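Enquirer: There's a structure below that I have some questions on.
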Amino acid sequence: MIRRPPRSTLFPYTTLFRSRRDAIKKGYDQLQELVPMCQQQDSLSGYKLSKATVLQRSIDYIQYLIQQKKKHEDDIASLKKEVMALQIMKTNYEQIVQAHQSQPNHATSQLTDEIKFCVFQTIMDNLFQSFNTNISVANFGELSACVFSWLEEYCKPQTLRESVLSILRQLNSQLK
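Residue -6 is where the sequence shown starts when you use this note's numbering, and the numbers rise one by one after that.
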């Protein structure tokens, strides 16, 4: 026959055990409230989630948060690099502006908007005339066959450069 200790000696132990169990239950309940994936009940049975499920979902959520934190840190680092690059570009442009403004005869070397428009208009007129002369628009097949060769011939950087220089020489002689 097993002898049990008197009930009066078990009372402090059971009270301690019960308070520990209540603290663990309270911790699980708080965890379930904090973790979004644990806030709904088990959809199959309609019962409260098991403690193992609460722990697993909490682990999954913490891993998700760690991934998000890493992604945000990477984004911040990338944005900091971009800000630094933009600051360097800003500094360079400010230096270019200062150098340009400190050049002698700065005011006389500026072209008016009217002259700039005249150069643009002359370039476009020349291109339009060459397009009209060389490109057949009778049907789409002829148009598409001719356009690329026209672009390659009349819109090459070297050809456009020569055209712009010629127009500027003409304007310069007219202004003198």
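C-beta: ideal position from N, C-alpha, C; glycine also.
All of these numbers come straight from a predicted model, not from anything done at the bench.
I need the boundaries of the alpha helix (DSSP H) containing Trp40, first residue and last residue.
Expert: Per the sequence shown, residue 40 should be read as Tyr rather than Trp. Taken as a continuous stretch (DSSP letters only), Tyr40 belongs to no alpha helix (DSSP H), as it is neither H nor E.
Enquirer: Report buried or exposed for Gln25, applying the criterion of at least 16 other Cβ atoms within 10 angstroms of its Cβ.
Expert: By the 10 Å Cβ count, Gln25 comes out buried.
Enquirer: On the three-state DSSP scale, how would you describe Gln163?
Expert: Three-state DSSP puts Gln163 in a helix.
Enquirer: How is Gln96 classed by DSSP in three states: helix, strand or coil?
Expert: Three-state DSSP puts Gln96 in coil, outside helix and strand.
Enquirer: Please report the straight-line C-alpha distance between Leu153 and Leu136, rounded to a whole angstrom.
Expert: The alpha-carbon atoms of Leu153 and Leu136 are separated by roughly 22 angstroms.
Enquirer: Can you tell me the Cα-Cα spacing of Lys183 and Arg14, whole angstroms?
Expert: There is simply no residue 183 to check, as the chain begins at -6 and stops at 169 in what is shown.
Enquirer: Are Phe77 and Tyr54 touching if we call contact CB-CB under 8 angstroms?
Expert: Reading off the sequence, residue 77 comes out as Met, not Phe. Taking 8 angstroms as the Cβ cut-off, Met77 and Tyr54 do not qualify as a contacting pair.
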